[in-house]
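What follows is a single structure, written as structure tokens, with notes after it.
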Amino acid sequence: MASTILEMRDITKTFPGVKALSNVNLSVEEGEIHAVVGENGAGKSTLMKVLSGVYPSGTYEGQIIFRGQECNFKGIHDSEHIGIVIIHQELALVPMLSIAENIFLGNEHATYGVIDWDANETRTGALLKKVGLKEDPKTLITNIGVGKQQLVEIAKALSKEVKLLILDEPTASLSEKDSQALLDLLLEFKRQGMTSILISHKLNEVNRVADKVTVIRDGRTIETLPRKDISEDRIITSMVGRSLDDRYPPREPKIGDVIFEVKDWSVYHPIHADRQVIKNINLNVRRGEVVGIAGLMGAGRTEFAMSLFGRSYGRHITGEVSLRGKPIDLSSVSKAVASGIAYVTEDRKTYGLNLIDHIKHNVTLANLSGVSSRGVIDDMREMSVANDYRKKTNIRASSVYQLTGNLSGGNQQKVVLSKWLFADPEVLILDEPTRGIDVGAKYEIYTIIARLAAEGKAIIVISSEMPELLGISDRIYVMNEGRIVGEMAASDASQEKIMRAIVRGEGKTS
Amino acid sequence: MSTESAPAPQSGLAEDVKQQGPRVAVSALTTNLREYGLIIALIVIMLFFQYTTSGTLFKPVNLSNLVQQNSFIIVMALGMLLVIVSGYIDLSVGSVAGFIGALAAMMMVIWPLGIFSNPLVVSIVCLFVGALIGAAQGYWIAYHKIPSFIVTLAGMLIFRGICQALLGGGSSVGPLPDSFKALSSGFIPDVIGPLTLVPPTVNAAGKTIVGSGLTLHMTTVVLGLVAVLAYAYFGFRTRRKRERHGYEAEPFPLFVVKTLVGGALALFLVFQFASYRGLPVVLLVMGVLISLFVFVTKRMTIGRRIYAMGGNAKAAQLSGINTERLTLMVFINMGVLSALGGLIIAARLGQAVPAAGLGSELDVIAAVFIGGASAMGGVGQVIGAVVGGFIMGVMNNGMSIMGVNVDWQQVVKGLVLLGAVIFDVYNKNKA
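So the protein lines, in turn, are chains G and P.
End of the first sequence sits at 503 in the working numbering; the numbers just go up one at a time, nothing left out.
End of the second sequence sits at 433 in the working numbering; the numbers just go up one at a time, nothing left out.
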């Protein structure tokens, strides 16, 4: 039996008006991969912030015991000093500095403030080898992809002689392939004896690598499952406090005529003018139909959607779009909205919400004319609209005056959805609608999608999670390298079939 | 500030008021702490100088001076608020004001323009030129994404240069016509006629002693009363409407106290003005503009769009807001208000001087930040900027009367700006 490396006892953390954690216990054994799962807002991140000293000792109750010693961290510096390193969901790298500079930032090999670049780069080379990243240490961070950046973060953690590595949603923005590589790396570290805590929403990943799973719900520890008891269903039941017989709400599609049609849509890269990003795409959506677009990261799905929506991406855009058989003008976002198209972005924080404003103002932003007359906003009408959508989409907040920046991911997503529902579109394009949100909120989003389809809207869902696409779509297009490489009814689609379409598409010459 | 009408400040509310009375009262107070705190700070500063200047500050003649000296800062701060809320900055406003003053003086005094040298025509032309300047700068910022700091820094140099060149080197141009000077130093006419409360004392030689007796400028009194009653009425009406919909969270007593205190303060100032020469014209102009901007920012869609753009430009754009055009409009507005500021400065001095408005961009920007705006954009209130402007003005005025050296005045103003922003950041982190 291995020894316990970390023990957190009865951790209670209160924010003004909210008890974020109450008597949470977490015990991690040396050399294991310990997954912490829970819905968004359950308190996982808060717990990790307590552990890493972001919330200094004294601002919470309870004890942290690391390798037999009680710890009272005053800040991140203290926790890193004894070997606890956390890698946050949002990467903390400086884009215009090189890999080597980033890895040793604040920790440079230097004598009297003069940096020994050779030593830095040699050590960086060794670290990169450990994490399996083949890049020159002098490469700028901005020039490598997110997956590789994640590896740089891990190399940075290794440079600090980490004893306990904490990864907060490490694969949230990674492609399937990069995620697999990262998980393999974690397993490799485990073989070398490192202990890690993995926070994740992706239960299949947890299932794959974790030795133990601790489930947190509403700021409390629910249970810790040993390896043999780990199964997705078991975890889900524990996370949401109820059993989800079905992860997708049942629906009976009532599909009508084609109402939305895109013909020969082509788009060139905004900077590299000779690079064609979208190549002659043709697709259509019927009334009441949910159409999925599958594909790997970089297949051009988001670029396609954004170029449709008011030419928000790319240039030299050609092609035709028609709604109910009539061509529509989508040359600006406001025209697209007026024509009845809505696009729910994949990146709600950057493109979807005004995080420093409250729910009410965010919900009405895309359709201010719906709550105003002659440019003057009717406060009462706006208020009832906001409350109405808050109820409809089940946004959990103290009131519509809560800042969207303080909401959990799932609730933020519901605010973005509300905004576009209030704009009353006929065609709704949802780009990764459930990215980074927990199982319970996912189900709610699926329910909303099903309801909209039942109301006769045409819905396009872009998703990298194939089970999700298979679960909610009626028909699936497969995209690869900017073109449609397959189309299939969801009823005879499968993950293998989609992958085969992608691979076959790759073989084609462009 | 009798014109501080329009909607009552928005309170952070929960819907079910009745169940949680006292807690909501506290939360309504704390959410508006910034707004109340600022007004209270202004009052405290005024009382402080009232004391240290042995009562000079609140003297009717000094209040009129105070308003006339600082009005251009506040007028420009209205435009600057929108610029800063949008996430930009405008360093050129002082130079533009100087240039417009010079242009106005040349048109009225030097150039043979015939009937076009009429002050009203000149003023309109100048406001239009201001709009063009705003458009020229806004164009580069909005459509070519050149940082506003750089574009307006260039504008600051360019327009100061043109201003000096227009005036032919170091000379000043004047005197300006009296009808033009009335914009700054005039008072509204007493159409109702004065009311003598205490007849002036007549001395032995049969002459009246200057400053004795008490005669009220009745038009001012009536206007003031109307404004205060309108403030109370609209405040009450908005409140009733919110109550009917079940959205009111501010407890009634708090509302009453707020309205009474606000009204009493306004009436006191009205009385002070009425006992001197009445309401300064420029105060009326300012009052109308402040009301307009409060309305635009709080109630109109364009105001909402500006806040959304400042909060997250990309999200605003993807919500169908034409952020480029909106940016252009914000800078055109700034240009017009800088021009108005320039006219006010020239009218007060009675002539155009090469240094008119020099450095005033910093006072204007400081006023907006003292008023609680965020340098990151998306946050800031009109009333905050106005109160911020008055805080700067009262400090200038009070310290001048006290005889504080101008050098040290700058130090104090700098400290107040830093203190106000630290207070803000501290508050935000605590929340």
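The beta-carbon is built from N, C-alpha and C at its ideal position, and this holds for glycine as well.
Given that Ile304 of chain P touches chain G, what residues does it touch there, using C-beta distances under 7 angstroms? Taking the second sequence and counting its residues from 1, the one referred to as residue 304 of chain P is at position 302. Going along chain G in sequence order, the residues near Ile304 of chain P (Cβ under 7 angstroms) are Gly368.
Terminal residues of the alpha helix (DSSP H) in which Phe333 of chain P lies: As a first step, residue 333 of chain P is located in the second sequence; it is residue number 331 there, counting from the start. That run of the alpha helix (DSSP H) goes 325 to 351.
What's the call for Asp111 of chain G, buried or exposed, on a 16-neighbour Cβ count within 10 Å? Reading the first sequence from its first residue, position 118 is the one you call residue 111 of chain G. Exposed, because fewer than 16 other Cβ atoms sit within 10 Å of the Cβ of Asp111 of chain G.
From Ala10 of chain P to Met311 of chain P, what distance separates their C-alpha atoms? What you label residue 10 of chain P is simply residue 8 of the second sequence in a count that begins at 1. What you label residue 311 of chain P is simply residue 309 of the second sequence in a count that begins at 1. Bear in mind that a pLDDT of 38 at Ala10 of chain P, under 50, signals an unreliable position, so the model cannot answer this.
Name the chain P residues that come within less than 7 angstroms of Ile349 of chain G, Cβ to Cβ? If you number the first sequence from 1, residue 349 of chain G lands on position 356. Close partners of Ile349 of chain G in chain P (Cβ separation under 7 angstroms): Gly313, Gly380, Val381.
The region 187 to 199 of chain G: which residues have C-beta closer than 7 angstroms to a C-beta of chain P, in chain order? none
Between G:Gly61, G:Arg60, G:Leu44, G:Phe59, which has its C-alpha nearest Tyr53 of chain G's C-alpha? Counting from 1 along the first sequence, the entry for residue 53 of chain G is found at position 60. Checked all of G:Gly61, G:Arg60, G:Leu44, G:Phe59; the closest Cα to Tyr53 of chain G is G:Leu44.
Using a Cβ-Cβ distance cut-off of 8 angstroms, determine whether Ser327 of chain G contacts chain P. The count along the first sequence starts at 1 and reaches residue 327 of chain G at position 334. Output row for Ser327 of chain G: interface = yes.
Are the C-beta of Tyr53 of chain G and some C-beta of chain P separated by less than 8 angstroms? Along the first sequence, one-based indexing puts residue 53 of chain G at 60. No, because no Cβ of chain P sits closer than 8 angstroms to the Cβ of Tyr53 of chain G.
If contact is defined by three or more beta carbon pairs under 8 angstroms, each pair taking one atom from either stretch, is the region 362 to 380 of chain G in contact with the region 325 to 338 of chain G? no
For Pro1 of chain P, is the classification buried or exposed, using 16 other Cβ atoms within 10 angstroms of its Cβ as the cut-off for buried? Since the first residue of chain P shown is 3 and the last is 433, residue 1 of chain P is not available in this structure.
Quick one: grab the DSSP three-state call for Gln143 of chain G. Working through the first sequence from its first residue, we reach residue 143 of chain G at position 150. Note: Gln143 of chain G maps to helix in three-state DSSP.
Count the other CB atoms, across all protein chains shown, that sit within 10 Å of the CB of Gln185 of chain G; report buried if there are 16 or more and exposed otherwise. Within the first sequence, residue 185 of chain G is the residue found at index 192, counting from 1. Classification of Gln185 of chain G: exposed, given that the 10 Å Cβ count is below 16.
Counting Cβ pairs, one atom from each stretch, are 3 or more of them under 8 angstroms apart for the region 111 to 122 of chain G and the region 194 to 210 of chain G? no
Distance, Cα to Cα, Gly249 of chain G vs Gly285 of chain G? Residue mapping note: residue 249 of chain G aligns to position 256 of the first sequence, counting from 1. Residue mapping note: residue 285 of chain G aligns to position 292 of the first sequence, counting from 1. Cα-Cα distance, rounded: 17 angstroms.
According to DSSP, Pro282 of chain P sits in a beta bridge with which residue or residues? Taking the second sequence and counting its residues from 1, the one referred to as residue 282 of chain P is at position 280. P:Phe189, per the DSSP bridge assignment.
Euclidean distance between Cα positions of Ser38 of chain G and Gly106 of chain G: Locating residue 38 of chain G in the first sequence gives position 45, where the first residue counts as 1. Locating residue 106 of chain G in the first sequence gives position 113, where the first residue counts as 1. Going by the C-alpha atoms only, they are around 35 angstroms apart.
For His27 of chain G, three-class secondary structure by DSSP: Translated into positions along the first sequence, residue 27 of chain G becomes position 34. Strand at His27 of chain G.
Beta-carbon proximity list for Gly265 of chain P, same chain, < 8 angstroms, skipping 5 on both sides: Taking the first residue of the second sequence as 1, we reach residue 265 of chain P at position 263. Excluding positions up to five away in sequence, the list reads Val230, Tyr233, Ala234.
Rounded to whole angstroms, what is the Cα-Cα separation between Leu86 of chain G and Gly291 of chain G? Counting from 1 along the first sequence, the entry for residue 86 of chain G is found at position 93. Counting from 1 along the first sequence, the entry for residue 291 of chain G is found at position 298. Each residue's Cα considered, the two are about 22 angstroms apart.
Where the beta strand (DSSP E) through Thr240 of chain P begins and ends: As a position in the second sequence, residue 240 of chain P is number 238, starting the count at 1. Run containing Thr240 of chain P: none in the beta strand (DSSP E); it sits in the alpha helix (DSSP H), 220 to 246.
According to a CB-to-CB cut-off of less than 7 angstroms, which residues of the region 279 to 304 of chain P neighbour chain G? Arg301, Met302, Thr303, Ile304
Return helix, strand or coil for Gln406 of chain G, following the three-state DSSP convention. For the purposes of this step, residue 406 of chain G is taken as residue 413 along the first sequence, with counting starting at 1. Looking at Gln406 of chain G - three-state DSSP - the assignment turns out to be helix.
Using a Cβ-Cβ cut-off of less than 8 angstroms, list which residues of the region 318 to 333 of chain P approach chain G; keep chain order. Ala318, Gln319, Leu320, Ser321, Gly322, Ile323, Asn324
Three-state secondary structure (DSSP) at Gln395 of chain G? Counting from one through the first sequence, the residue named residue 395 of chain G turns up at place 402. Reduced to three states, the DSSP call for Gln395 of chain G is coil.
Chain P beta carbons: is any one of them nearer than 8 angstroms to that of Leu358 of chain G? For this step, residue 358 of chain G is matched to residue 365 along the first sequence. Leu358 of chain G counts as touching chain P.
Please list the terminal residues of the continuous beta strand (DSSP E) segment that includes Thr275 of chain G. Taking the first sequence and counting its residues from 1, the one referred to as residue 275 of chain G is at position 282. The amino acid occupying residue 275 of chain G in the given sequence is Asn; Thr does not appear at that position. Looking at the DSSP string, the run of the beta strand (DSSP E) that includes Asn275 of chain G is 269 to 279.
Against chain G, does His146 of chain P count as a neighbour if the rule is that its beta carbon must be under 8 angstroms from one of theirs? Locating residue 146 of chain P in the second sequence gives position 144, counting from the first residue. So no, His146 of chain P is outside the interface.
With distances taken Cα to Cα, identify the nearest neighbour of Ala432 of chain G among G:Asn100, G:Lys149, G:Gly99, G:Ser231. Here residue 432 of chain G refers to the residue found at position 439 when the first sequence is read from its first residue. For clarity, residue 432 of chain G is Val in the given sequence; the question names Ala instead. Nearest C-alpha to Val432 of chain G: G:Ser231.
Less than 7 angstroms between C-beta atoms, sequence neighbours within five positions excluded: which residues of the same chain meet that for Gly195 of chain P? In the second sequence, the residue the question calls residue 195 of chain P occupies position 193. Met220, listed in sequence order.
Figure out for me which residue from G:Ala148, G:Thr397, G:Val124 has the closest Cα to the Cα of Asp177 of chain G. The residue given as residue 177 of chain G occupies position 184 in the first sequence. Checking every option, the nearest Cα to that of Asp177 of chain G belongs to G:Val124.
Whose Cβ in chain P lies nearer than 7 angstroms to the Cβ of Gly345 of chain G? Translated into the one-based positions of the first sequence, residue 345 of chain G becomes position 352. Simply Ala317.
Residues near Val85 of chain P by beta carbon distance below 8 angstroms, same chain, minus five either side: Position 83 of the second sequence holds residue 85 of chain P. Excluding sequence neighbours, Val85 of chain P sits near Ile91, Asp92, Ser150, Val332, Phe333, Met336.
Which residues DSSP lists as bridging Ala482 of chain G, in chain order: Taking the first residue of the first sequence as position 1, residue 482 of chain G is located at position 489. Note: Ala482 of chain G sits in a beta bridge opposite G:Arg468.
Is it buried or exposed, Gly248 of chain P, if we count other Cβ atoms within 10 angstroms and call 16 or more buried? Residue mapping note: residue 248 of chain P aligns to position 246 of the second sequence, counting from 1. Looking at its Cβ environment, which holds fewer than 16 other Cβ atoms inside 10 Å, Gly248 of chain P is exposed.
Counting contacts by CB-CB distance shorter than 8 angstroms, is His247 of chain P in contact with chain G? Position 245 of the second sequence, counted from the start, is the residue given in the question as residue 247 of chain P. Cβ-Cβ to chain G under 8 angstroms: yes for His247 of chain P.
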